[in-house]
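Chemist: In the working numbering, the protein residues as written are 31 to 108. The beta-carbon is built from N, C-alpha and C at its ideal position, and this holds for glycine as well. Since the model is a prediction, treat every value here as computed from it, not as a measurement.
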Amino acid sequence: MKTKIAIQGIKGSNHYQVALDYFGADIALEDCASFDALVHSLVDQRADYGVMAIENSIAGSIIPNYALMDKYQLSIVG
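#1: Which residues in the same chain as A67 place their Cβ atom closer than 7 Å to its Cβ, once the five residues preceding and following it in sequence are excluded?
#2: Where do the ends of the beta strand (DSSP E) carrying Y79 lie?
#3: Grab the span of the beta strand (DSSP E) containing D61 for me, first residue to last.
#4: So who's on the other strand from A49, going by DSSP bridges?
#5: Along the beta strand (DSSP E) that carries K34, what are the first and last residues, could you check?
Have a look at this one:
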């Protein structure tokens with residue numbers, strides 16, 4: 031069974047590329063329209079891992095994503 035990875039965005043997005051680089055090509059993707067939807071796919075166990083930006087080179091920390099991680103007690107694993 032393939033590892034299911036939730037990403038914000040679609041195939042070809044930055045999150046998609048990071049998922050491929052980190053997990054390899056043998057993955058199943060869960061495309062999510064928002065970071066909130068991505069987190070819910072993890073909480074509801076529809077995905078094994080998620081790829082979610084937490085820092086941006088222009089804007090700095092993405093505080094809402096840190097808040098989602100805190101609210102749902104998610105951990106950074108990679």
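Modeler: According to the structure shown:
#1: none
#2: 79-81
#3: 57-62
#4: DSSP output for A49 lists no bridge partner at all.
#5: 33-38
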